[in-house]
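Undergrad: In the working numbering, the protein residues as written are 7 to 169.
C-beta atoms are modelled at their ideal positions from N, C-alpha and C, and glycine is treated no differently.
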């Protein structure tokens, strides 16, 4: 289901989190749980992966992750501020140390001049550290864009899981 390189990256993330005693949460929109799927495909992932939120609708982002409705109205779901708020909402629980969020436009429709198809915002929050953000514009069809977003989210998590 997942390309071998993606599973290898997921395994590296899990190993780094495990070695550094980090519990992980995910907040996904356009990837629809694919980041969680890649991580949970690795045996032993339950030692690190604690929870995941698939918040496709704005209401879900507000209800489950605490993203302010005003923030969504001002910037739209596919934006840096919302990606940051999603990641920060995912680590609200005391059990969670690190998170990653993904929000974007996978296509084939839904894009425009300001927010083209392939635009993906990824953020990672970690307790007692600033939230990091990455903006990407991926090329390809819907499946390709989503898999590229998963890889980028895992790469950011790998970066964040280091001491």
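Can you have a look at residue 99 and say buried or exposed, based on whether 16 or more other CB atoms are within 10 angstroms of its CB?
TA: Looking at its Cβ environment, which holds fewer than 16 other Cβ atoms inside 10 Å, residue 99 is exposed.
Undergrad: What does the alpha-carbon distance come out to for the pair residue 42 and residue 32?
TA: So the two alpha carbons sit approximately 7 Å from each other.
Undergrad: What's the call for residue 51, buried or exposed, on a 16-neighbour Cβ count within 10 Å?
TA: Buried, by the Cβ-count rule.
Undergrad: Can you give the Cα-Cα distance for residue 146 and residue 124, rounded to whole angstroms?
TA: Spanning the two alpha carbons is a distance of roughly 8 Å.
Undergrad: Is DSSP giving residue 60 helix, strand or coil here?
TA: Residue 60: strand per DSSP, three-state reduction.
Undergrad: Which residues mark the beginning and the end of the beta strand (DSSP E) in which residue 141 is found?
TA: Per DSSP, residue 141 belongs to the beta strand (DSSP E) from 138-143.
Undergrad: With 16 other CB atoms within 10 Å as the buried threshold, where does residue 135 fall?
TA: Residue 135 is exposed by the Cβ-count criterion.
Undergrad: Measure the alpha-carbon distance for residue 85 versus residue 160 and round it to whole angstroms.
TA: Roughly 19 Å separates the two Cα atoms.
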